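Structure record follows, encoded as structure tokens.
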Amino acid sequence: MTADLSIEFEAIPFSVDDDQNVIVSNTILQIKFTIRDNEISQSIQLDSEQKYILRANISTVDQLCAVQIVLLYKKLKKIIPNCTIQLVQKHKFFAYEDLYFWNNIGIVAAQMGLKTKSIKVYKDHEGENLTPDLDLYLAEINQYDLQYISFYDSFDTLTILQPEGINKCAFP
């Protein structure tokens, strides 16, 4: 038996008006996913008719593992069908190059087939990774399964997986 993994999110209800503007509710719920043995559970049931933004800051290896399992269950349509996940990871957890891709949740999500936008944060004058204003990315949040704000390079699967984007890739 292994230790339980868990990740907590803020669940923020939102809607999109006729002009494609995202309208965010002032109500913020807390939802926790717990992975125990071969099962995943969530602390509350979200309204299946409502769309939500699930926001979390990833700061531990356990959270990194848990969020990847949550993304897999999302891809399999077992949980949170009307949710877009917005993650912030400001620091690397591993120094090993071979674990780079496993540490990059954006690439993991893209490999699962989730619509992903990875947004690179930059360092301030003291070398700390900055956390951007997450509300800046709300205008397009409805298009993605995951918005991943991290120190990794930026990419957008909606752009690079189009024929013109693929033609620009140099395959050896």
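In my numbering, the protein residues as written are 961 to 1132.
Backbone N, C-alpha and C fix where the C-beta goes; we use that ideal spot for every residue, glycine too.
Here the structure is a predicted model, which means the values were calculated and not measured.
Using three-state DSSP, classify residue i as helix, strand or coil.
i	result
Val1081	coil
Ile1013	strand
Ile1018	coil
Ile1040	coil
Gln1046	strand
Ile1000	strand
Asp1058	Residue placement at Asp1058 cannot be trusted, given a pLDDT of 48 that sits under 50; what the coordinates show is reported in the next sentence. Asp1058: helix per DSSP, three-state reduction.
Strictly by DSSP, which residues pair up with residue i?
i	result
Pro973	Tyr1012
Gln990	Glu970
Thr962	Answer by DSSP bridge pairing: none, since Thr962 is not bridged.
Val984	Phe974
Ile995	Leu965 and Ile1000
Using a Cβ-Cβ cut-off of 7 Å (strictly less than) and excluding sequence neighbours within five positions of residue i, which residues of its own chain qualify?
i	result
Tyr1104	Thr1044, Lys1075, Thr1076 and Lys1077
Leu1098	Val982 and Val984
Lys1035	Met1072, Gly1073 and Leu1074
Asp1022	Leu965
Thr1117	Ala1070, Lys1075 and Thr1076
Gln1049	Ile1018, Ile1065 and Ser1110
I'd like the list of long-range same chain contacts for residue i, defined as Cβ closer than 8 Å, with 5 residues on each side in sequence excluded.
i	result
Val1136	Lying before the first or after the last residue shown, residue 1136 is absent from the chain, which here runs from 961 to 1132.
Ala1092	Going by the sequence as given, residue 1092 is Pro instead of Ala. Closer than 8 Å at Cβ, skipping near neighbours: Ile1079, Val1081 and Ile1109.
Ile1039	Phe993, Ile1000, Gln1002, Val1030 and Tyr1033
Asp1113	Ser1078 and Lys1080
Thr987	Ile972 and Pro973
Closer than 6 Å by C-beta to residue i: which residues in its own chain qualify, once you throw out the five before and the five after it? Chain order, please.
i	result
Glu1100	none
Cys1136	Since the displayed the chain opens at 961 and closes at 1132, residue 1136 lies outside it and no answer follows.
My understanding is that residue i touches residue j, with C-beta atoms under 8 Å, so please give their C-beta distance in whole angstroms.
i	j	result
Ala971	Leu1014	6 Å
Ile1000	Ile1029	7 Å
Gln1046	Gln980	That pair is no contact at about 18 Å.
Ile1004	Leu989	7 Å
Phe969	Ile991	5 Å
Taking the runs of the beta strand (DSSP E) that are 3 residues or longer, which of them lie wholly in the stretch 1099-1123?
Counting only runs of 3 or more, we get 1106-1110.
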